[in-house]
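In the UniProt record's numbering, the protein residues as written are 1 to 379. Taking it in order: structure first as C-alpha cells, then the write-up.
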C-alpha cells in the first residue's frame with residue numbers, strides 16, 4: 001500500500017561510451033554545481049548511478065538511449081507512478097532498490113555495497129540536520145559524490161524556485177553530468193518558446209479558479225494543489241488555486257469548504273497505482289479506464305452537484321506531468337486548453353508530446369498522459 005502523504009510529498013518533489021559525443025570519452029575530472037548550490041567533483045562521466053528519486057530516470061532519457069543501463073540502484077520507485085515505465089526502463093535487469101519513499105527508508109549500507117560512482121537525490125529524500133551532515137560524510141568517505149537534483153520544500157516560508165526555472169536547472173544539471181549541456185539548453189529553449197505563446201494568448205483572459213487535486217482517491221478528500229510548484233504551473237496555464245490554499249506544495253481542505261467555494265474546473269490526478277480508487281491514468285493505460293475513475297470520484301459526497309461536474313469540466317492528469325520536470329510543458333498546454341478552450345482551439349498537446357519524443361527523448365514516452373470526462377482533449 002502506498003502511503004499517500006509520502007506519495008504527495010515526493011511528487012513534488014558501459015554502453016554510455018559508445019553513445020556520448022567525441023570529447024566525453026575521457027575520464028577527466030570536472031565540477032558541477034547542484035541545485036542546492038553545492039560544488040561537487042566528478043572523476044568522469046558516471047556509469048554506476050544511484051537515484052534516490054527513481055523518476056529522474058526520465059530526465060536521464062534526454063541524454064542516454066538506455067538510462068537503466070547506467071543505474072545500479074534507485075529508491076522511491078512508486079513515485080514513477082507507472083508500472084509500464086518501470087517495466088520499460090528496468091526490462092530484464094534488476095536494479096537494486098535502496099529505499100522506499102522516505103529518507104528513513106534509505107539504506108546507506110545498501111548504497112555503499114553496490115559501489116556507485118554518483119548518487120543523485122532530492123532534498124526531500126535526504127535526512128535533515130545533523131543526520132544529513134553525517135550522510136554526506138559517509139558518502140564522501142566511501143568515495144561517492146552526491147548531487148541534489150531538486151530542492152523543493154513544502155515547509156511554511158520555504159523559498160521555492162519558479163517551477164520552469166527549476167525544471168531548466170534540473171535538466172541542465174543532468175546535461176552537465178553527461179557533458180551534454182547543449183541538449184538541455186535546446187530543450188529549455190523549446191519549452192520557453194511554447195510557454196511564451198501561451199502567455200501571450202492569456203494576456204486578456206481572466207484566471208479560472210480550479211480545484212487541482214494532487215492525490216485523488218475515493219476515501220481521502222480533499223488534497224488541493226498549493227500556491228507554489230503545482231499552483232505556479234496552474235497559473236502559467238491561466239488558472240488559479242482555491243482561495244484558502246496557503247501551503248507551497250499541497251494542502252488538505254475541509255470538504256465543507258470545497259463544496260461551498262465556487263470553482264469552474266476540477267482536475268484530478270491519477271496514475272498507475274489504483275489504491276484507494278485513484279483514476280488509472282498514465283503511459284500504456286486505456287483512456288476509458290481513466291474516465292471511469294473520474295466518474296467514480298464524482299460519486300464522493302457533494303461532488304456530483306458541483307458546477308464543474310454539472311458542466312462536465314472534469315479532467316485528470318498523470319502525476320508525472322507535474323513531478324517530472326521534463327513534462328511540465330505538457331501540463332501547462334493541456335490545462336490551458338481545458339481552462340481556456342477558445343484561445344487554444346488550435347493547441348494540440350498530443351502533438352507536442354510527439355515532438356518531444358521525436359526531437360528530444362531518446363526513450364520515447366507513450367501516452368495517454370491525461371483524460372477528460374468528455375474527451376475534450378485528444379488522448
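A virtual CB, placed ideally from N, CA and C, is assigned to each residue, including glycine. These figures come from a predicted structure and were not determined experimentally.
Continuous beta strand (DSSP E) stretch holding residue 386: start and end:
Coverage of the chain is limited to positions 1 through 379, which leaves residue 386 absent and any answer about it impossible.
Comparing alpha-carbon positions, which option in 287, 332 and 109 lies nearest residue 240?
The residue you call residue 240 lines up with position 240 of the chain shown. Measuring from the Cα of residue 240, the nearest candidate turns out to be 332.
For a test of the three-state rule: what should DSSP assign to residue 352, helix, strand or coil?
Translated into the one-based positions of the chain shown, residue 352 becomes position 352. Helix, per DSSP.
Roughly how many angstroms separate the alpha carbons of residue 229 and residue 69, rounded to a whole number?
Position 229 of the chain shown holds residue 229. Position 69 of the chain shown holds residue 69. Approximately 31 Å, taken between the alpha carbons.
Quick one: what does DSSP say residue 311 is sitting in, helix, strand or coil?
Numbered from 1 along the chain shown, position 311 holds the residue referred to as residue 311. Residue state, collapsed to three classes: coil.
Status (buried if at least 16 other CB within 10 Å, exposed otherwise) for residue 15
Taking the first residue of the chain shown as position 1, residue 15 is located at position 15. Annotation note: pLDDT 33 at residue 15 (below 50); position unreliable, no value reported.
Given this structure, state the Cα-to-Cα distance separating residue 168 from residue 346, to the nearest angstrom.
Walking along the chain shown from the start, residue 168 turns up at place 168. Walking along the chain shown from the start, residue 346 turns up at place 346. Cα to Cα, residue 168 sits roughly 26 Å from residue 346.
Considering only C-alpha positions, which residue in the set 80, 364, 371 and 329 is nearest to residue 237?
The count along the chain shown starts at 1 and reaches residue 237 at position 237. Looking at the Cα atoms, 329 is the closest of the given residues.
Residue 271 burial status per 10 Å Cβ neighbour count (16 or more: buried):
Here residue 271 refers to the residue found at position 271 when the chain shown is read from its first residue. Per the 10 Å Cβ criterion, buried.
Residue 223 - DSSP class collapsed to helix/strand/coil
Start at 1 with the first residue of the chain shown, and residue 223 comes out as number 223. Residue 223 falls in the strand class under three-state DSSP.
Hey, would you say residue 218 sits closer than 8 Å to residue 296, going by beta carbons?
The residue you call residue 218 lines up with position 218 of the chain shown. The residue you call residue 296 lines up with position 296 of the chain shown. Their beta carbons are under 8 Å apart, which means residue 218 touches residue 296 by this criterion.
Let's see if you can read the secondary structure: which residues bound the alpha helix (DSSP H) around residue 98?
Your numbering for residue 98 matches position 98 in the chain shown. Careful: residue 98 lies outside any alpha helix (DSSP H), inside the beta strand (DSSP E) at 96–99.
Cβ contact check for the stretch 113–125 and the stretch 134–154: 3 or more pairs under 8 Å
yes
DSSP state of residue 138 mapped onto helix, strand, coil
Walking along the chain shown from the start, residue 138 turns up at place 138. Helix.
Span separating the alpha-carbon of residue 56 from that of residue 323:
Within the chain shown, residue 56 is the residue found at index 56, counting from 1. Within the chain shown, residue 323 is the residue found at index 323, counting from 1. Cα to Cα, residue 56 sits roughly 10 Å from residue 323.
Cβ atoms of residue 245 and residue 231: under 8 Å apart, would you say?
As a first step, residue 231 is located in the chain shown; it is residue number 231 there, counting from the start. As a first step, residue 245 is located in the chain shown; it is residue number 245 there, counting from the start. Against a cut-off of 8 Å, the Cβ pair of residue 245 and residue 231 comes out as a contact.
Among residues of its own chain, excluding the 5 on either side of residue 367, which ones have a beta-carbon nearer than 8 Å to its beta-carbon?
Sequence index remark: in the chain shown, residue 367 carries index 367 (1-based). Excluding positions up to five away in sequence, the list reads 283, 350, 353 and 379.
Rounded to whole angstroms, what's the CA-CA distance from residue 11 to residue 289? Just pull it up for me.
Locating residue 11 in the chain shown gives position 11, counting from the first residue. Locating residue 289 in the chain shown gives position 289, counting from the first residue. Residue confidence is low: residue 11 scores 48 on pLDDT, short of 50, so the model does not pin down where it sits. Its coordinate-derived value is still stated next. Taking the straight line joining both Cα atoms gives about 22 Å.
Compute the Euclidean distance between the alpha carbons of residue 204 and residue 357, then round it to the nearest angstrom.
Numbered from 1 along the chain shown, position 204 holds the residue referred to as residue 204. Numbered from 1 along the chain shown, position 357 holds the residue referred to as residue 357. Each residue's alpha carbon lies about 32 Å from the other.
Residue 346 - DSSP class collapsed to helix/strand/coil:
The sequence position of residue 346 within the chain shown is 346, counting from 1. Coil, per DSSP.
Flag this pair as touching only if the stretch 163–182 and the stretch 57–66 have three or more C-beta atom pairs under 8 Å; answer yes or no.
yes
Anticipated Cβ contact below 8 Å, residue 116 with residue 198, distance rounded:
Position 116 of the chain shown, counted from the first residue, corresponds to residue 116. Position 198 of the chain shown, counted from the first residue, corresponds to residue 198. Contact flag wrong, Cβ pair sits at about 39 Å.
With a cut-off of 8 Å on the beta carbons, I'd call residue 234 and residue 261 a contact; round off their distance for me.
Taking the first residue of the chain shown as position 1, residue 234 is located at position 234. Taking the first residue of the chain shown as position 1, residue 261 is located at position 261. No, residue 234 and residue 261 are not in contact; Cβ-Cβ is about 16 Å, not under 8 Å.
Where does residue 252 sit, in a helix, a strand or coil, going by DSSP?
On the chain shown, position 252 is the one that residue 252 refers to. In this structure, residue 252 counts as strand in the three-state DSSP scheme.
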